[in-house]
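When you line the sequence shown up against the numbering used here, it's residues 218 to 806, in that order. Here's the structure we're looking at; comments come further down.
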Amino acid sequence: MRLSGKVAWAGLIGLFSVPFLIPVHSLPLTSFYTEWWAFLCGLLLFISWIFSFNSSVEIQIPRIAWFALALAALLLLHMGLGLMVYPSQGGLAILYLVWAILLMPAASALSQKYGRDNVLSILAASILVAGLINVIIGVFQAFGIHTAVTDLLFSLAPPSSAFGNIAQKNNYADYLAIALCAALYLGYSNKLSWRIVALAGLVVVFGLTLSGSRSVWLYLIAILLLALLLKARQPGPSANRLVWFSILALAAFQIFQMALPLLESGQAIATANSRLQEDAGESMPVRLALWQDAWHMFASNPWLGVGFQNHAWNHFELVRSGHSLFAGQSGYETLRWDHAHNIVLQLMAEFGLAALVLCFGAVWWLLRLIRNITSVEQWWPVAAISIISIHSLLEYPLWYANFLGLFAVLAALAEDRPISLAIPKGSLSRLGMFLSVLGFGILVFYYTTYTSLKQAMAGLVSPAPAQKFSGEFQKNFDAAQINPFLEPQVDNLMSQLPIIDPHQLTFVDLQLQLNEKIIRHRADADSIYHRTTLLWLAGYHLEAERWLAGAIAIYPGSLQRYIERTEFTFGNTEDLAPLLGMIRKQKSG
């Protein structure tokens, strides 16, 4: 095998496993290292493909690529119309989409060269191994088993929680469900004995149980329905086993949930069933409320939407105006307000009718793939795509590069009617050289500037205020500031700089401007409450009082943290005694 082939395999296998095993998930971007490794593996796959041709080549791209291209065009339109608080984030989203599109012909070419069955088998094996490793990590997390080695290699999790090294239980469940599909495929294609598949499958289902994700029921039902479809199209002993093993997975999931209390030694581990029972007792279904807010945004801005990454601010406005079900409610302040937890409604809210048309096209594409399942080589990537699609109707996995890359490759391998384009080798090589240099340059640049941002944040927690403006802090801050894609995080860091002298009105005005951008981008509780302090310091006392009342109405549970932070920062400042008095009055009222 040539070097380019080895690099391609390393990139492809790495894309399906390495990002899901990275244990580091820390602020300011908890998914940074996971996504960075996903981009690197994808870039290796693309580069090895682009430089492996000797003549003109016909590349094949799945039809879902049109969705990504059209979405990139909508992002450019919103950037041009000034609908984004941070246009650089629109550029970053376009880079994500371009990267995903480039993975598609690379994966198709590898499939043509080495055979789709071989590619699918190796990918299935890699994702199954990574999935089993994540189950082991999840067991350590759920049962509170800690050692020096596990604390170093495993992501830290709250007590009685399991999410492997994926750091989010629903993403964890998504990945393990795909690993289960991979195990079933390996058994059907005789790459593994059904006994090994049964053992591996039960381990994976136990991991799914520990995740506590309610979506697992949907994933397992989808796997069974697709298995029944394949059995109808291709009857035989292997198809029968696939169906029975899918039924076994459903039964095992229920049994494991019933048996889990017998294994617990401390705090109870939340299961899918227990969480569904809690949902039944809720007066307000959270996701339905989020979806209703997204629909309000779409209905009020049907042509262009509210703008990319403007969901959080518009949600805040809906709550403040009383048009949201969250108005007057408490206990929901840790939710992500920047997403509708449904890809269709999210895109409709932010991009309007054009996004709705794109979503109809994507649904048609997926239904066509499902309808055309005639072999297990078609079944396994379509089953995995279906799981990610179900998850996307409840959360936002495709906003992360590791899931986006996985989806792009699976789409290329599942496509039965790809778009073919003949491109001369010279043109492809020049394009490949440009994109390779650009891609590696962005990765190195992003890594170094992000490291500087983390170091600057570490300097910010220094106990001595003067050290916060030291030369080392300024050096790291300036280095992070040159990366336009980190602009929201840099602004957030800048907004947290201590106000040593409340009479520095120029600095306070700058903080107010930054705070306004951050609120329109994130609308989180800390930024909302911090605006009260800034308005007061700037002399807008009546507006500060009104803003505080609105903040308490929307984020009542965060008031105490704001009081403690304000007292710690300004407790000895006589000029701000009226502000602290107003805050305490609001609390007692």
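Where a beta carbon is used, it is the ideal one built from N, C-alpha and C, also for glycine. Every value quoted in this text rests on a predicted model; they were computed, and no experiment measured them.
Chain-order list of residues whose beta-carbon lies under 7 Å from that of residue i (same chain, five-residue window excluded)
{"i": "leucine 445", "result": "Val460"}
{"i": "alanine 359", "result": "Ser377, Ser378, Ala379, Leu427 and Ile486"}
{"i": "aspartate 708", "result": "Leu731, Lys734 and Ile735"}
{"i": "phenylalanine 624", "result": "Ile602, Ile605 and Leu615"}
{"i": "tyrosine 779", "result": "Tyr746"}
{"i": "leucine 292", "result": "Gly307, Ala310, Ile311 and Phe525"}
{"i": "tryptophan 411", "result": "Gly404 and Arg458"}
{"i": "glutamate 612", "result": "Asn387 and His558"}
{"i": "alanine 544", "result": "Val536"}
{"i": "alanine 697", "result": "Thr666, Ser669, Leu670, Ala673, Leu703 and Val707"}
Residue i to residue j span [Cα, whole Å]
{"i": "tryptophan 582", "j": "serine 603", "result": "11 Å"}
{"i": "asparagine 559", "j": "histidine 608", "result": "9 Å"}
{"i": "alanine 683", "j": "phenylalanine 694", "result": "Because alanine 683 sits at a pLDDT of 49, beneath the cut-off of 50, its placement in the model cannot be relied upon, and the point is left open."}
{"i": "alanine 761", "j": "leucine 714", "result": "20 Å"}
{"i": "lysine 408", "j": "leucine 584", "result": "28 Å"}
{"i": "tyrosine 331", "j": "glycine 259", "result": "18 Å"}
{"i": "leucine 562", "j": "lysine 386", "result": "22 Å"}
{"i": "valine 433", "j": "isoleucine 472", "result": "14 Å"}
{"i": "threonine 668", "j": "leucine 703", "result": "11 Å"}
{"i": "histidine 540", "j": "phenylalanine 568", "result": "21 Å"}
{"i": "valine 352", "j": "valine 414", "result": "15 Å"}
{"i": "threonine 591", "j": "glutamine 451", "result": "6 Å"}
{"i": "glycine 656", "j": "arginine 280", "result": "24 Å"}
{"i": "leucine 288", "j": "alanine 572", "result": "8 Å"}
{"i": "leucine 467", "j": "isoleucine 438", "result": "8 Å"}
{"i": "glycine 453", "j": "leucine 443", "result": "15 Å"}
{"i": "alanine 600", "j": "phenylalanine 233", "result": "16 Å"}
{"i": "serine 712", "j": "leucine 320", "result": "38 Å"}
{"i": "valine 346", "j": "alanine 396", "result": "8 Å"}
{"i": "asparagine 518", "j": "methionine 301", "result": "15 Å"}
Close-in-space but distant-in-sequence residues of the same chain around residue i (CB under 6 Å, 5 per side omitted)
{"i": "serine 653", "result": "Ile264"}
{"i": "proline 705", "result": "Tyr303 and His738"}
{"i": "lysine 448", "result": "Ala456 and Val460"}
{"i": "tryptophan 753", "result": "Ala761 and Leu796"}
{"i": "phenylalanine 515", "result": "Met565 and Ala566"}
{"i": "leucine 393", "result": "Gly348, Val421, Gly424 and Leu425"}
{"i": "asparagine 589", "result": "Asp633"}
{"i": "alanine 341", "result": "Ala399, Tyr402 and Leu403"}
{"i": "tryptophan 530", "result": "Arg737 and Ala740"}
{"i": "asparagine 490", "result": "Gln474"}
{"i": "tryptophan 520", "result": "Gly569"}
{"i": "histidine 532", "result": "Asp510 and Trp554"}
{"i": "isoleucine 318", "result": "Ala282 and Ala285"}
Beta-ladder partner(s) of residue i, from DSSP
{"i": "serine 637", "result": "Gln277"}
Neighbourhood of residue i by C-beta, 8 Å cutoff - its chain only, sequence neighbours within 5 removed
{"i": "leucine 660", "result": "Trp253, Phe256, Leu257 and Leu260"}
{"i": "tyrosine 313", "result": "Ala618 and Leu621"}
{"i": "leucine 729", "result": "Arg748, Leu751, Leu752 and Ala755"}
{"i": "alanine 324", "result": "Leu229, Leu262, Val336, Ala625, Val626, Ala629 and Leu630"}
{"i": "leucine 710", "result": "Pro245, Leu670, Ala673, Met674, Leu677, Phe694 and Ala697"}
- Task: Write down every uninterrupted run of the alpha helix (DSSP H) in the region 523 to 605 whose length is 4 residues or greater and which is fully enclosed by it, in chain order.
- Result: Taking 4 residues as the minimum length, the alpha helix (DSSP H) runs contained wholly in the region 523 to 605 are 528 to 538, 560 to 568 and 570 to 588, in order along the chain.
- Message: Check whether the region 503 to 512 and the region 461 to 477 are in contact - that is, three or more C-beta pairs closer than 8 Å.
- Response: Too few Cβ pairs lie closer than 8 Å, so no.
- Do the region 289 to 308 and the region 224 to 241 make contact, defined as three or more Cβ pairs closer than 8 Å? Because the criterion of three Cβ pairs below 8 Å is not met, the region 289 to 308 and the region 224 to 241 do not touch.
- Task: Entirely within the region 230 to 294 and at least 3 residues each: give me those beta strand (DSSP E) ranges in chain order.
- Result: Listed in chain order, the beta strand (DSSP E) runs fully inside the region 230 to 294 are 274 to 278, counting runs of at least 3 residues.
- Hey, is the region 245 to 259 in contact with the region 618 to 630, meaning 3+ C-beta pairs nearer than 8 Å? Pairwise C-beta distances place the region 245 to 259 in contact with the region 618 to 630, as three or more of them are shorter than 8 Å.
- Counting Cβ pairs, one atom from each stretch, are 3 or more of them under 8 Å apart for the region 280 to 292 and the region 568 to 578? Contact holds between the region 280 to 292 and the region 568 to 578, because three or more Cβ pairs, one in each stretch, are under 8 Å apart.
- Complete runs of the alpha helix (DSSP H) confined to the region 652 to 705 [at least 4 residues]: As far as the region 652 to 705 is concerned, its whole alpha helix (DSSP H) runs of at least 4 residues are 688 to 698.
- Message: Restricting to runs no shorter than 4 residues, where is the alpha helix (DSSP H) found entirely within the region 731 to 781?
- Response: Listed in chain order, they are 742 to 754 and 758 to 771.
- Which ranges would you report for the alpha helix (DSSP H) in the region 405 to 468 if only whole runs of at least 4 residues count? Along the length of the region 405 to 468, whole alpha helix (DSSP H) runs at least 4 residues long occupy 411 to 428 and 432 to 450, reported in chain order.
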